Amino acid sequence: MATTFDVVVIGGGPGGYIAAIRAAQLGLQAACIDEWTDVDGKPALGGTRTNVGCIPSKALLQSSENYEHAAHAFAEHGIQVKGLALDLARMLARKDKVVRQNNEGIVYLFKKNKVAFFHGRGSFAGGGANGWQIKVTGRNEETLAAQHVIIATGSNPRPLPGVPFDDQLILDNAGALAIPEVPKRLGVIGAGVIGLEMGSVWRRLGAEVTMLEMLDTFLPVADESVAKEAWKVFTKDQGLNIVLGANIARVSGNKKGVSVEYATRGAEQKLECDRLIVCIGRLPNTEGLGAGTVALKLDPRGFVEVNAECRTNLPNVWAIGDVVRGPMLAHKAEEEGVAVAQRIAGQHGHVDFNTVPWVIYTAPEIAWVGKTEQQLKSEGVQYRSGQFPFMANGRARALGDTRGFVKFLADAATDRLLGVHIIGPMASELISEAVVAMEFRAAAEDVALICHAHPSLSEAMKEAALGVAKRSLNF
Ligand code: FAD
Ligand code: NAI
């Protein structure tokens, strides 16, 4: 007899585990199946985010930034560091510990909320409107019966055509987070989010980093003015060598490392490096899910097709997170997970794609929410903008981190906030104020009228909001 659940979630990443917890909180019998296994063969809940994504990358970004500060920034504060040395093995071990703490945290949360956990691969064995059978294949094999199924199987790194990842020389995100010694010359294909974050980590630790980007434009997803400032800081100040318009022709591994042949504007070039990170986007993961068995509909790019409520073509089968359309972000996956659990329980589910924040954890950090200036122009929207540089912010000066600015974009007629763009210190934290403001349909003036603590970086938000009406006080 199959064990029966109201909801079975396939995938224990941020989308899946949060959906299972919310379903259990709402009184549903919930189970989560996840196949991620750590080096000791134990379950490692949390998916890409926890094991090879957000969490380990932020741990290494912090460690490498500390190292760079000790090497270069402390002197200005009158702190001399003698005998500074890098213990990379320890830095990587700390990152692994942070990951493990997060894995264990989710196990605890499952116990607390009475979510049943099955370690193994989940796949559709059959079913229909009256219920689904999900086979779990792992150390123990069993079949679960589910009234509702939530697919949260995430995504995998996209390899360059004909160039498989080998975990040694040609690395995906997992490999990029575990290089055992600092490469002298590091090549990166793709100057997107992973490229910039991982390129920053290894540059700070001493690698000479060259990034080959296919597009002629740098960071086209960000506001143009932010991308322009980021380009200046990353290339001129920090020495990241970013080549735009690079057409990769051939990648080959050899005894000395990796050789990448590419062309820019028709001119053939060659990059020799010790290791190569390939981060050119990610692909939805539906492998081994048994989609064909139950005729689950995928779109032409392989994503599970869903409507605005995350319903698939099958009755009571839902899909969330990286495996469906929309930005591949952990917080977007979580929001969808909560919304779907609530819909299953007969409640309202809310996800506002217009207010999903983006953060790139470089130094300075980049964060935004809503529309970019170029989007507003192309949509013909009349807008006003206000911009405030961190150079004019007292707290930023005290921190010794005055790079970048905050920019507010508001509707010209109504003053309603349409987008907020930040490049600067703690942009990842500052952006939340803009998200709240936009979620509550605030005007720029609403933010400008709020009392912000002094001295704080958040005063730059207020000043940029004031700037929309051309009445900044400190600039
Ligand atoms: P995943 O996290 O991919 O989880 C899917 C889980 O399902 C995995 O554990 C997988 O093993 C399991 N699974 C798959 N198929 C099956 C099956 N058939 N049976 C059982 N289990 C299965 N996002 C941010 O918001 N902020 C960041 O700072 C950030 N940093 C990132 C850094 C890197 C290097 C990378 C690669 C990604 C980063 N992301 C970040 C993106 C973020 O990790 C993803 O958007 C997020 O993990 C997606 O969550 P998910 O639940 O949809 O899928
Ligand atoms: P990405 O889409 O951010 O960047 C990929 C880059 O590779 C693009 O600039 C693209 O033009 C380029 N590219 C594509 N094909 C190429 C080719 N053949 N040759 C050279 N360049 C090529 O994808 P990335 O960096 O792999 O990250 C995947 C996703 O993971 C992100 O889109 C994001 O959703 C998520 N992520 C989020 C983070 C965050 O929130 N801070 C951090 C890291 C990843």
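So the sequence shown is numbered by the numbering used here: it starts at 1 and just counts up by one.
No residue lacks a Cβ here, since even glycine has one placed at the ideal position from N, Cα and C.
Predicted, not measured: the structure shown is a model, and the values here were computed from it.
The C-alpha of P327 lies about 21 Å from the C-alpha of L160. The C-alpha of I248 is placed about 11 Å away from the C-alpha of G266. Comparing C-alpha distances from D87 to each of V435, R100, S63 shows the shortest one belongs to S63. Straight-line spacing of the CA atoms in G239 and L457 works out to 26 Å. For H331, the enclosing alpha helix (DSSP H) has its first and last residue at 330-344. Per DSSP, T264 is one residue of the beta strand (DSSP E) stretching across 257-264. P157 has R282 as its beta-bridge partners, per DSSP. By the Cβ-count criterion, N474 is exposed, with fewer than 16 other Cβ atoms from all chains shown falling within 10 Å of its own Cβ. Within a 10 Å sphere around the beta-carbon of H350 sit fewer than 16 other beta-carbons, which makes this residue exposed. With fewer than 16 other beta carbons inside 10 angstroms of its own, S432 counts as exposed. If you look at I450, you'll find it isn't in any beta strand (DSSP E); DSSP assigns it neither H nor E. In the assembly as shown, V221 is an exposed residue. Its beta-carbon has fewer than 16 other beta-carbons within 10 Å. Rounded to the nearest angstrom, the gap between the Cα atoms of G199 and T362 is 9 Å. Put simply, the backbone Cα of V182 is about 16 Å away from that of K95. For K232, no beta strand (DSSP E) run applies, since DSSP gives it neither H nor E.
Every unbroken stretch of the beta strand (DSSP E) spanning 3 or more residues and falling wholly within the stretch 125-185 is given here in chain order: 131-137, 142-151, 155-157.
Closest in C-alpha terms to L376, from the list C273, M214, A412, G154, comes A412. Of all alpha-carbon atoms in Y383, V163, N102, the one lying nearest the alpha-carbon of C279 is that of V163. Going by beta carbons, V369 and V468 fall outside the 9 Å limit. Inclusion of I21 and N113 in the CB contact set at 9 Å is warranted, their separation being smaller than that value.
Of the heavy atoms belonging to the ligand FAD, none sits nearer than 8 Å to the Cβ of P161.
The stretch 69-88 and the stretch 12-19 do not touch, with fewer than 3 CB-CB distances between them shorter than 8 Å. DSSP, read as helix, strand or coil, puts L196 in helix.
For N247, the enclosing beta strand (DSSP E) has its first and last residue at 246-254. DSSP places K270 in the uninterrupted beta strand (DSSP E) bounded by 267-273. Per DSSP, the unbroken alpha helix (DSSP H) holding R90 starts and ends at 88-113. According to the DSSP assignment, N241 belongs to the beta strand (DSSP E) that extends over 241-243. For G16, there is no enclosing beta strand (DSSP E); the enclosing alpha helix (DSSP H) covers residues 14-25.
Counting the other Cβ atoms within 10 Å of the Cβ of V359 gives 16 or more, which makes it buried. Residue pairing of K407 in beta bridges, as defined by DSSP: Q387, H421. Each of N307, P315, A44, G195 was checked against the Cα of R325, and the nearest Cα belongs to N307. The DSSP-derived three-state label of D34 is strand. For G187, DSSP records a beta bridge to T210, L276. The three-state reading of DSSP puts F5 in strand, counting E and B together.
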